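**Q** Quick one: this structure, given as structure tokens, is what I'll be asking you about.
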Amino acid sequence: MIHEQLVEALKHLPGLVLAITKGLVEGADENRGDQYMFVEHPVPQVIAVALDIGDTTTAANAAALLHELGERSYIDLADMVAALGQR
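So, in structure tokens, the structure goes:
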């Protein structure tokens with residue numbers, strides 16, 4: 001699945017992958033549930049890895065994306081990211 005590829009690429013190009021992930025979410029069709037699918041699957045993993053990757057800029061951008069999506073009513077996303085970060 002795409003989320004596995006994004007997470008693997010995040011280890012090498014964290015800023016780019018986070019930007020791509022954000023673009024995928026923003027470009028997804030909410031009416032078809034595409035945005036929900038991205039937020040449920042690749043986004044939590046990408047954000048969790050980005051927060052822990054050790055790059056302050058990437059971590060700040062990941063936190064901003066998490067906050068932005070939380071404001072869009074994806075209220076469980078922070079818990080999903082936190083659970084992934086504790087592994």
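Reminder that position 69 of the sequence shown reads as 69 in full-length UniProt numbering, one-by-one numbering, no gaps. The beta carbon of each residue, even a glycine, is placed where N, CA and C say it ideally should be. Fair warning: this is a prediction, and the values are worked out from it, not measured in the lab.
#1: CB-CB under 6 Å to Leu-51, same chain, minus the five flanking residues each way: which ones, in chain order?
#2: Could you tell me the alpha carbon to alpha carbon distance between Gly-15 and Thr-57, rounded to whole angstroms?
#3: Find out if the Cβ-Cβ distance for the pair Leu-77, Leu-84 is shorter than 8 Å.
#4: Taking the CB atoms as reference points, tell me whether Gln-35 and Val-25 lie closer together than 8 Å.
#5: Rounded to the nearest angstrom, what separates Lys-11 and Pro-42 at their Cα positions?
#6: Might you give, ordered along the chain, the residues of its own chain that have their beta carbon closer than 8 Å to the beta carbon of Phe-38, omitting 5 neighbours on each side?
**A** A quick look at the data gives this:
#1: Ala-59, Ala-62
#2: 8 Å
#3: no
#4: yes
#5: 14 Å
#6: Thr-21, Leu-24, Val-25, Ala-28
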